[in-house]
Amino acid sequence: MTPRSVQDDHSHRDGGSPQDGGTVRDRGSVQDRGSARDRGTPASAPWVRTRLRTAPGTAWALGLLVLLTSFLAAAFPRAVERYENDGLRHDITAADPRRSVLELSAPEPELQLPTAEREAAVRDAALASVHRRARSLLPGPVVSATVDSSYGFRTGKPIVAQESWLPRPDLVDPQLTYSTLSALPDHATLRAGKWPTVHGRVSEDTTEVEAAVTEETAKTLKATTGSVISVPAHSGKQLTVRITGIVAPTDPRSAYWSAQPLLRTPALVPEPVPSPPTLSPPRYYWTAAVLLPPDAAPALLATTGRPEAFWRFPPDASRLTAPDVAGLRSSIASLEGGPGLVRLRGVAGVNATFTTGLDEILSAYGSLRAAIGPVVTVAAMGAGAVAAVVLLMTGGLIGGRRRAELALLRARGGSLRGIGGRLFAETAVIALPATVLGLLIAVPLLDRARLWPSVVGPAAVAALVCLALPLGAVLPHRRPQPPGARDDLMDARPSRRRTVAELTVLVLAVGAVAGLRRRGTGGEGGSDLLVSAAPVLVGLIAALVLVRLLPLPLRLASRAVARRRGAIGFLSLARAGRSSAGGTLPLLALLLALTTAAFGGSVLSGVADARDRAAVHTVGADARISGLYDAVPLPDRLIRQVREADGVREAAAVQVVYGVPLPADPAGNNRMKSAVLLGVEPAAYARLARTTGLGAFPADRLRAPGRTAAKGAAPSKDAVVPVIVSPSVATELGDRPRELSTAAGDLTVRVAGIVPRTAAVPDSDFLVIDAASLTRRQTTTLLVTGSPDAKALRAAARDAGQGFSVRLRSEERAAFVDTPMQLGARGIYAAAIVAGAGYALLAVLLSLLRTSPERTALLARLRTMGLTSRQGRRLLGLEALPQALLAAVGGVLVGWAAIALLAPGVDLVGLSLSSGPTPTELDTAVLRADPWSLTLPALGVVVLTAAVAAVQARWAGRRGPNTELRAGDSR
15 MTPRSVQDDH SHRDGGSPQD GGTVRDRGSV QDRGSARDRG TPASAPWVRT RLRTAPGTAW
75 ALGLLVLLTS FLAAAFPRAV ERYENDGLRH DITAADPRRS VLELSAPEPE LQLPTAEREA
135 AVRDAALASV HRRARSLLPG PVVSATVDSS YGFRTGKPIV AQESWLPRPD LVDPQLTYST
195 LSALPDHATL RAGKWPTVHG RVSEDTTEVE AAVTEETAKT LKATTGSVIS VPAHSGKQLT
255 VRITGIVAPT DPRSAYWSAQ PLLRTPALVP EPVPSPPTLS PPRYYWTAAV LLPPDAAPAL
315 LATTGRPEAF WRFPPDASRL TAPDVAGLRS SIASLEGGPG LVRLRGVAGV NATFTTGLDE
375 ILSAYGSLRA AIGPVVTVAA MGAGAVAAVV LLMTGGLIGG RRRAELALLR ARGGSLRGIG
435 GRLFAETAVI ALPATVLGLL IAVPLLDRAR LWPSVVGPAA VAALVCLALP LGAVLPHRRP
495 QPPGARDDLM DARPSRRRTV AELTVLVLAV GAVAGLRRRG TGGEGGSDLL VSAAPVLVGL
555 IAALVLVRLL PLPLRLASRA VARRRGAIGF LSLARAGRSS AGGTLPLLAL LLALTTAAFG
615 GSVLSGVADA RDRAAVHTVG ADARISGLYD AVPLPDRLIR QVREADGVRE AAAVQVVYGV
675 PLPADPAGNN RMKSAVLLGV EPAAYARLAR TTGLGAFPAD RLRAPGRTAA KGAAPSKDAV
735 VPVIVSPSVA TELGDRPREL STAAGDLTVR VAGIVPRTAA VPDSDFLVID AASLTRRQTT
795 TLLVTGSPDA KALRAAARDA GQGFSVRLRS EERAAFVDTP MQLGARGIYA AAIVAGAGYA
855 LLAVLLSLLR TSPERTALLA RLRTMGLTSR QGRRLLGLEA LPQALLAAVG GVLVGWAAIA
915 LLAPGVDLVG LSLSSGPTPT ELDTAVLRAD PWSLTLPALG VVVLTAAVAA VQARWAGRRG
975 PNTELRAGDS R
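The numbering of the sequence shown is my numbering, which starts it at 15 and goes up by one.
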């Protein structure tokens, strides 16, 4: 309870006046209060309202800071959840319907059943009933009453069609699939003829049915309305299928048509490879689908095509969210081989099977999410730590400005609990509404996300503000403080408690860094908060160490400056040394902001670098000109035009020979391997490998003295040719000469070097050889470096004839388009960097505002002694320079150290390469320090500090000494 004397002081402060000769009313007596009110004595104003009216600017500033921080804390989980949901829906929607559709199939009814029962089981009414019941057993989040779902009865094996009017590219009869399809008129438009129908009741003995084909099928098979196809039956008879209509799909890309593309588009497929394989090229034949009316399904029971029923359910991802993935994968696993499949078989038959590729899509999504999530968390932890430090600095600034007031209350008997309670109340009145308002702004702005994760961050912000300010302001008053006591940085001696706390943080930082290096951000278990906070802990340790080391350079600099003429340098360093020993928070905020900016900038730079390298790996150079399968020789005219084209620095000619058999395995296990032979000009190809970074090697290693064969001449059997090979080929060849038989000539080779990749075939096992050693030499590929003109290259390839292609590295690079998840993650990373920079700016301003009154008074005193305005600006700038330089240099070193320590555990493949044209361009994308991300923010800190000091000196110079200096002022 506050003593009577303190209440008297509060009464005067709040506008009340003592009654009855200066006596103070007893707050504990209800009768006295009542009598005072009866006598018309004005009651004392409430503490909180009075404080808010006394310092409205401080209250608004604190409220705005809490509002902004609360909004960011609420927006982060909502933004993460939204881009995760969008990424999931995008992955399912963009996937090929052949992978994403959920399909239930069942073989034809058992032969021992009565014929009438078999026929009834495949009619449209029975299949529709199974369709409705099966849908109710599928996972609710992805299955809805979509119009693209379908069912029917089809021949599971294509049936050879022997009609003479059908096309035969390689004299092979086409093979056709016959299928009924539900709701065909709702998904197609009739182009010619009429819709196929049934006449009477169709059974196994029916001899003729009507059918339809799509426009593409009719054009390819040369079918017209009235065309007839004979289908063999088990009884030896023929089922006649008469085409009565030609239809066009309303939406060819919908799951209705794309779940089995053969329904709308015929395909030219090769014959199966015979055993043993032959050297003759494969023959191709057409395969297509013929669409029957739904009630014509019984007629297919008599065919030899192994008929089966099917039910397709395209997934509906519009309601699916990231938290649903685990349950959905479990449900799919149950449907594929668990209790869910048992329930489906109870509906569709005991031999029914369930297939889908949706589980693979969800698994790939989960892997990408697990790779991206921890990297984003690292950025969020850095920005959040900077924000927390700024909030603590704000509380410290407000508490420091009220230190004299609180010391007076404490000296007059105020308890720590009472003072802290009042401070808590006036802080809560500001912080809680601001927190709620920040949450209310974030929720509608970032919709389509759960509410409860968004509440945790603002609640933590409110708790930190409401507790930090009262505790930070009250705890220094536990013991009496003598007037004029100083807490100089130069004279401070860290206590044992502080040492123990710093050692504890050091242990945590070492454990977090070791955990992130060992587990990585892409591990199965992800990364917990301690591991994600590793950069923050590294910055914290650096701040503590730098604060302890700062007095040493200050002492050395002060001694050096003391011997020089002029007082500005010495005075500025003395002022810097007299700064508070508790200046760890400003330095910590700047180090964390710089570390976050360096880490985030390096991540974004690493993503771009990984995509650049992936594009180079895919093409092998800046441009690639080749024939079909790298097997067609390039004309000399084309080679000459490419080398003369604008922007071409060099064009390396390569002869690519696929399928070169390697020597048999000495172990005798009949294992046969093959590799790609690359005939190159050693000097040009070595320069290309060095430029692209794909398996650089010295050109001299490929040159073999006396082993140059004339074109068309037989090679010497006893000459050994050096080759550069991939690691697996080196294992097969060993270290002794081995004979190879290739399409370019027979060779005896010896391994002269091993490189992991090469430009011509980055993802294959290879042998690189001097093209002069080959008997049958030709150029099948050109690898171009420089900045070639794409139009000129394509024009040259077009003039050379059919089958020559041009691939550009720039086009492959442009193919890396961010998916919603990658785009959202990069946006959050960029926002975290910007937020950290903004809070760092606030940290600089708060650090300078904390000592602004002292510096202003100092300038006023020195101006009375003859200090000029220019000298005042130099004084304030030099005074702030040690802390700024310490933060800048420390930020660069800490950012570099954090990236070097954490890089082995950070893999950027998921964030950079998942949207590329092919999924395996690079195995890993390692994090590397970006020089610009390290240096630019550090220079910004120095410039910003100097600018703020100059502005403050200019502002203070406009105010006269009489305004700043007062008798008894302790500043």
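For every residue, glycine included, the Cβ atom is placed at its ideal position computed from N, Cα and C.
Asked                                                                                                        : Found
R651 versus A810 - alpha carbon distance                                                                     : 9 Å
Sub-7 Å separation of A400 and A607 beta-carbons                                                             : The question names Ala, but residue 400 is Val in the sequence shown. Against a cut-off of 7 Å, the Cβ pair of A607 and V400 comes out as a contact.
Exposed unless 16 or more other CB atoms sit within 10 angstroms - verdict on G410                           : buried
C-beta contact flag for L605 and A637 at 7 Å                                                                 : no
Limits of the unbroken alpha helix (DSSP H) element including S740                                           : Per DSSP, S740 belongs to no alpha helix (DSSP H) and is neither H nor E.
Strand pairing of E664, partner residues [DSSP]                                                              : T799
R968 (DSSP reduced to helix, strand or coil)                                                                 : helix
Cβ pair L66, A73 closer than 7 Å                                                                             : yes
Helix, strand or coil at N684 [DSSP, three-state]                                                            : Unreliable placement is indicated for N684, whose pLDDT of 49 sits below 50; the coordinate value is still reported in the next sentence. Correct three-state label for N684: coil.
Same chain, Cβ closer than 6 Å to L691, neighbours up to 5 away in sequence not counted                      : V671, V674, T756, L781
Boundaries of the alpha helix (DSSP H) in which P70 is found, first to last residue                          : 70-108
For R752: DSSP bridge partner residues                                                                       : V763
CA nearest to the CA of A439, picked from G363, L517, V62                                                    : V62
R462 beta carbon less than 7 Å from that of R96                                                              : yes
Coarse secondary structure for A528, derived from DSSP in three states                                       : helix
Stretch pair the region 365-372 + the region 329-349: three plus CB contacts closer than 8 Å                 : yes
Identity of the residues DSSP links to I768 by a beta bridge                                                 : V739
Backbone secondary structure at G371 - three-state DSSP                                                      : coil
7 Å Cβ shell around E538 - same chain, five flanking residues per side excluded                              : In this prediction, E538 has a pLDDT of 49, which is less than 50 and means its spatial position is unreliable; nothing more can be read from the coordinates.
Where W179 sits in the DSSP three-state scheme                                                               : coil
Sequence-distant residues of the same chain with beta carbon closer than 7 Å to R715, five excluded per side : P736, I738, A766, G767
Three-state secondary structure (DSSP) of V450                                                               : helix
Through-space distance from L895 to G905, alpha-carbon basis                                                 : 15 Å
CA-to-CA distance, D660 to D803, given in whole angstroms                                                    : 6 Å
CB-CB length for A548 against A523, believed under 8 Å                                                       : 7 Å
Start and end residues, alpha helix (DSSP H) containing S468                                                 : 466-488
Top-ranked residue by Cα proximity to V965, from V923, A911, G886                                            : G886
For Y699, the nearest candidate out of A88, V775, P467 (CA to CA)                                            : V775
Within 7 Å, strictly: CB atoms of V475 and T83                                                               : yes
Sequence-distant residues of its chain with Cβ nearer than 6 Å to A206 (five each side left out)             : T239, I260
As assigned by DSSP and simplified to three states, the class of R638                                        : strand
Distance, P945 Cα to R701 Cα                                                                                 : 27 Å
Simplified DSSP assignment, three categories, for G214                                                       : coil
Among A88, G434, V443, P494, nearest to L485 - alpha-carbon criterion                                        : G434
Span of the alpha helix (DSSP H) around G341                                                                 : 339-351
CB contact flag (R752, V763, <7 Å)                                                                           : yes
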